[in-house]
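Below is one structure, written out as structure tokens; the observations come after it.
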Amino acid sequence: MSQNYHIPKPCSENWLTMTTVEKGKFCELCNKKVHDLTTLNKVEIKNLLKSEEKVCGRIRKTYPNSKVNIKKYGIVFTIASVLGFTNLNAKSNLPLIQIETTIPYQNHTIQNDTIILKGTVKEEKMPLPGVSVKLKGTNLETNTDFEGHFSLTIPKNEIPQELILIFSYIGMETKEVEIKKNNEKIEVELTSDNMLLGEVVIVKKSFWRRIFGQ
1146 MSQNYHIPKP CSENWLTMTT VEKGKFCELC NKKVHDLTTL NKVEIKNLLK
1196 SEEKVCGRIR KTYPNSKVNI KKYGIVFTIA SVLGFTNLNA KSNLPLIQIE
1246 TTIPYQNHTI QNDTIILKGT VKEEKMPLPG VSVKLKGTNL ETNTDFEGHF
1296 SLTIPKNEIP QELILIFSYI GMETKEVEIK KNNEKIEVEL TSDNMLLGEV
1346 VIVKKSFWRR IFGQ
């Protein structure tokens, strides 16, 4: 049967402050593992639900595979829908692109044949690892490290007329930042496209909702 996720009572726990464990985080308050479901498809989520009676997890509100065929293995599980750690190479269709105030690059390393841009990406003043940092109009790309730092080397023959970096991360708004001359360092703050954390109830669609696709 076709069923959807519903979070009736979101809580305020912060994914970023939880202890990192394999394929997720550990919530000290609930004393349980919170699975990172952002990179799973609906079949993988279904298999996880079959293997565990109740599942704590992290997922975006706009998660594309939030519709799962569920039969006899339960209708309630817990999902943390907050921004957080993902695969370094994970890609997604992020909903919004913002143009930031221009940032000069005075103190970045300029060598004979390359320019090296360095900076930090944060979310709510906390380092954000795994953020994709790409030079717009090129294939040059890197990722932030565990402390949110990045370093992008740009050959001079590939430097575009407008130097724009694209910062993207699952569960966050994509942000474009134009880099100008005579600045110190790049500091970027990303914001979540949703922040929901709490118990998720799987609600079966009514007959008429299924008929009209609502």
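Each residue of the sequence shown is one higher than the one before, counting from 1146 in the working numbering.
In this text, a Cβ means the ideal position worked out from N, Cα and C, and glycines have one as well.
- Spatial neighbours of residue 1274 in its own chain (CB-CB distance under 7 angstroms, excluding positions within 5 residues in sequence) are listed in chain order as 1230, 1289, 1290, 1291 and 1293.
- Around the beta carbon of residue 1307, fewer than 16 other beta carbons lie within 10 angstroms, which makes this residue exposed.
- With contacts defined as CB atoms closer than 8 angstroms, residue 1335 and residue 1317 qualify as a contacting pair.
- When the five nearest sequence neighbours on each side are left out, the beta carbons in the same chain lying within less than 7 angstroms of the beta carbon of residue 1280 are those of 1297, 1299 and 1310, in order along the chain.
- Beta-bridge partners assigned by DSSP to residue 1315: none are found.
- Distance from the CA atom of residue 1173 to the CA atom of residue 1163, rounded to whole angstroms, is 7 angstroms.
- A distance of 8 angstroms or more separates the beta carbons of residue 1166 and residue 1177.
- Assigned with DSSP and collapsed to three states, residue 1302 falls in helix.
- As DSSP reads the structure, residue 1179 sits in a beta bridge with 1170.
- By the neighbour-count criterion, in which a residue is buried when 16 or more other Cβ atoms sit within 10 angstroms of its Cβ, residue 1333 is buried.
- A straight line joining the alpha-carbon of residue 1197 with that of residue 1191 spans about 10 angstroms.
- Secondary structure remark: continuous beta strand (DSSP E) runs of at least 3 residues inside the region 1249–1297, in chain order: 1259–1268, 1277–1280 and 1286–1288.
- DSSP, reduced to helix, strand and coil, places residue 1187 within a helical segment of the structure shown.
- The DSSP-derived three-state label of residue 1162 is helix.
- In the DSSP assignment, residue 1332 falls within the beta strand (DSSP E) that extends over 1331–1334.
- The beta carbons of residue 1322 and residue 1295 sit about 12 angstroms from each other, so the pair does not count as a contact at 8 angstroms.
- Each residue's CA atom was taken as its position, placing residue 1268 and residue 1188 some 31 angstroms apart.
- Spatial neighbours of residue 1305 in its own chain (CB-CB distance under 8 angstroms, excluding positions within 5 residues in sequence) are listed in chain order as 1280, 1281, 1282 and 1283.
- Rounded to the nearest whole angstrom, the C-alpha separation of residue 1158 and residue 1315 is 18 angstroms.
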